[in-house]
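Colleague: For the sequence shown, counting from 1, position 70 maps to 71 in our numbering; every step adds exactly one.
Structure below; questions to follow.
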Amino acid sequence: MTQHHRFELTREYIELDSLLKLLSLAPSGGIAKMMIADGLVTVNGELELRKTRKLRHGDVVRMDQHEVLIERDEQ
Numbered sequence: 002m003t004q005h006h007r008f009e010l011t012r013e014y015i016e017l018d019s020l021l022k023l024l025s026l027a028p029s030g031g032i033a034k035m036m037i038a039d040g041l042v043t044v045n046g047e048l049e050l051r052k053t054r055k056l057r058h059g060d061v062v063r064m065d066q067h068e069v070l071i072e073r074d075e076q
């Protein structure tokens, strides 16, 4: 069963490896980078191998049973 998450941006973008670490989908930044390099992460339905891919409003990240929607902070 897929777990759905929302991440609210407080700036223009967040880098993919930072997002995985921040949401505890990876235990560390180094592990996050390895998971991305190993092809375990997709962005908007496409395999993403760039560790520092800039994620912006509307992007959808998937890894294992997790799906994260990136949203703009409305405040």
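The beta-carbon is built from N, C-alpha and C at its ideal position, and this holds for glycine as well.
Between ASP18 and MET2, what straight-line distance do the alpha-carbon atoms span, to the nearest angstrom?
Modeller: 23 Å
Colleague: Around the C-beta of ALA33, are 16 or more other C-beta atoms found within 10 angstroms, so that it is buried, or is it exposed?
Modeller: buried
Colleague: On a CA-only basis, which of LEU24, GLN66, MET64, GLY59 is nearest GLU13? Give me that one, please.
Modeller: GLY59
Colleague: Do you know offhand how far ASN45's Cα is from GLY31's?
Modeller: Distance between the alpha carbons of ASN45 and GLY31 is about 23 Å.
Colleague: What do you get for ALA38, buried or exposed, if any count of 16 or more other CB atoms within 10 angstroms of its CB means buried?
Modeller: By the neighbour-count criterion, in which 16 or more other beta carbons inside 10 Å mark a residue as buried, ALA38 falls on the exposed side.
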